[in-house]
Every structure is written in structure tokens, then in C-alpha cells.
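Colleague: In my numbering, the protein residues as written are 130 to 377.
Here it is: the structure, laid out below.
Structure below.
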């Protein structure tokens, strides 16, 4: 079994209403989320989860809000001695634009994307404006995509679990580390979604579904499933990881 170290790299941010993360909770509060590219170090492949924004806003106020630096794709990879062409595998949690804008730069990579996510980006529902198919046309045309249709191992020590809590083809990435199994969530949440404040727990809610979701009841159940199978939870937009070099 391969053991990995996980390196969260901030490659973008969004500033919006906190309720975009926390369903039916904390609407009206301005909130800044980091957008991560996760480098999985270990084994014989250079592996990323998501690729972040193409032109991230790099500002002192946003870095202060998330508690860490914001990188371009190239500078973020360079921190770990990598260039885009060095990447062998990319696993996508989903295909909202902020998670796949740098795909075309990974010319030697194989991309693992759920089949339902590929369908969604080409024919999105009118409610979901976050899909922009232009960002995957180059890798699609080059034959770099492998469609995922079942829960499966990608390489030893890394597996994916279909969790359509936020989008139809969301994939939670399960990574074996020295500290146990980590789960990079396939849905856009922060730590508070898994650790609700007392006022929410008082309503007998164990978790808070993503602020945007395909079905809030199903999303709630999927979150509990992911929570219970992981030793380390890595909510996809949790700001606390912005100042962290390595997990695991």
C-alpha cells in the first residue's frame, strides 16, 4: 500500500455570502473561501486533485481573510519542484470552473472525472452557471480523460467515492496517509459543515449540507457517510488549510 502526503495549495479565492457554503445557516455574512489544488505526494506518479483558477486574484485582503498565500498554478506547483507538464494524473472533485481552469496546462496528465460530471458540463441545468465547458475542451480533444462510472481505486492508496451532494458527478477522493485515511470532499463545504455550531446541533442536525446542492436530504446523508469513513476530513474550501504545507 502506498502512503501519501497531501499538500493543499491555494490557487484562487471567492468572496460571497457564507450561506453559499452552509445550507439554511449564516446567510448575509460575507465570507472568503480558498480554492485549492491538492498535490498528493507519494508513489511513482505526480498527482493533483483539481487545478484551481487560471488567473486568481492575489490581494492582501483576500490572503488575510483566508490566512495564507494565493498562488498561480505555476508558482504553486513550483513550491514542490513541479511544472504543469510534470503532472501524471489529475482527479477532479467536480467540474465547476474554479476547479478545472488550468487543466489544459497539464499536457501529459490523465484526468479522472465522473461520467455524470462530463455530461453536466456539456449540458448544464440553467440553475448551474458554474460549468464552463471551454475549460475541458482541450483535454477532451486530446483524449486525456478517463470517465469514472463506479467507486474505484485510481492508484494504490488513492480511491474515489461518488458523492453527488453538490454536483451530479462529485467525487470524494480517499487518500491513505501516515495518519490514516483522508477524505478530500467531492462537495464544496467548510469545516463548519461537519462541525455545526451549538445552535444547529440543538436542532438535532449532525452536519450542514452544502449551501448549493442537488438534494439537501441526500447531501446530508452523504456527508455523514464521508465523515464516518475518514480519519482526516478535508472540506474542499476550509480556510484553515491555506497556511498548511503538508497533511499526513
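Don't be surprised by glycine CBs; every beta carbon is placed ideally from N, CA and C.
These figures come from a predicted structure and were not determined experimentally.
Just list the alpha helix (DSSP H) runs in the stretch 231-310, keeping only unbroken ones of 4 residues or longer that don't cross its boundaries, in chain order.
Modeller: With a minimum length of 4 residues, the continuous alpha helix (DSSP H) runs that stay inside the stretch 231-310 are 244-251, 263-270.
Colleague: Do the stretch 252-259 and the stretch 285-295 make contact, defined as three or more Cβ pairs closer than 8 Å?
Modeller: Touching, no.
Colleague: What is the DSSP secondary structure of residue 371, reduced to helix, strand or coil?
Modeller: Residue 371 sits at position 242 when you count from the first residue of the chain shown. Residue state, collapsed to three classes: helix.
Colleague: Taking 7 Å as the limit between beta carbons, can you name the residues of its chain near residue 326, skipping five residues before and five after?
Modeller: Indexing the chain shown from 1 puts residue 326 at position 197. Within the same chain, residue 326 has no close Cβ partners at all.
Colleague: Could you spell out the range, first to last residue, of the beta strand (DSSP E) harbouring residue 140?
Modeller: Within the chain shown, the letter at position 11 stands for residue 140. Per DSSP, residue 140 belongs to the beta strand (DSSP E) from 134-146.
Colleague: Our contact map puts residue 261 next to residue 238 with C-beta atoms below 8 Å; I'd like the distance itself, whole angstroms only.
Modeller: Start at 1 with the first residue of the chain shown, and residue 261 comes out as number 132. Start at 1 with the first residue of the chain shown, and residue 238 comes out as number 109. Incorrect: roughly 19 Å between the Cβ atoms, too far for contact.
Colleague: If you compare alpha carbons, which of 175, 142, 310 is closest to residue 240?
Modeller: In the chain shown, residue 240 corresponds to position 111, counting from 1. The residue with the shortest Cα to Cα distance from residue 240 is 175.
Colleague: Do the CB positions of residue 162 and residue 368 come within less than 8 Å of each other?
Modeller: Here residue 162 corresponds to residue number 33 of the chain shown, with the count starting at 1. Here residue 368 corresponds to residue number 239 of the chain shown, with the count starting at 1. It is a contact, given that the beta carbons lie within the stated cut-off.
Colleague: What are the partner residues of residue 170, as DSSP defines its beta bridges?
Modeller: What you label residue 170 is simply residue 41 of the chain shown in a count that begins at 1. 134, per the DSSP bridge assignment.
Colleague: Could you check how far apart the C-beta atoms of residue 303 and residue 312 are, in whole angstroms? I think they sit under 8 Å.
Modeller: For the purposes of this step, residue 303 is identified with residue 174 of the chain shown, where counting begins at 1. For the purposes of this step, residue 312 is identified with residue 183 of the chain shown, where counting begins at 1. About 6 Å separates the two Cβ atoms, so the contact holds.
Colleague: So who's on the other strand from residue 336, going by DSSP bridges?
Modeller: Looking up residue 336 in the chain shown gives position 207. In DSSP, residue 336 forms no bridge with anything.
Colleague: Round the Cβ separation of residue 336 and residue 154 to the nearest angstrom and send it over; I've been treating them as touching at under 8 Å.
Modeller: Numbered from its first residue, the chain shown carries residue 336 at position 207. Numbered from its first residue, the chain shown carries residue 154 at position 25. Residue 336 to residue 154, Cβ: 11 Å. No contact.
Colleague: Report the residue from 166, 203, 375 whose alpha carbon sits nearest the alpha carbon of residue 180.
Modeller: Position 51 of the chain shown, counted from the start, is the residue given in the question as residue 180. Out of 166, 203, 375, 166 has the C-alpha closest to the C-alpha of residue 180.
Colleague: Look at the alpha carbon of residue 137 and the alpha carbon of residue 207, and state the distance between them as a whole number of angstroms.
Modeller: Locating residue 137 in the chain shown gives position 8, counting from the first residue. Locating residue 207 in the chain shown gives position 78, counting from the first residue. Rounded to the nearest angstrom, the two C-alpha atoms are 13 Å apart.
Colleague: What's the call for residue 357, buried or exposed, on a 16-neighbour Cβ count within 10 Å?
Modeller: Position 228 of the chain shown holds residue 357. Classification for residue 357: exposed.
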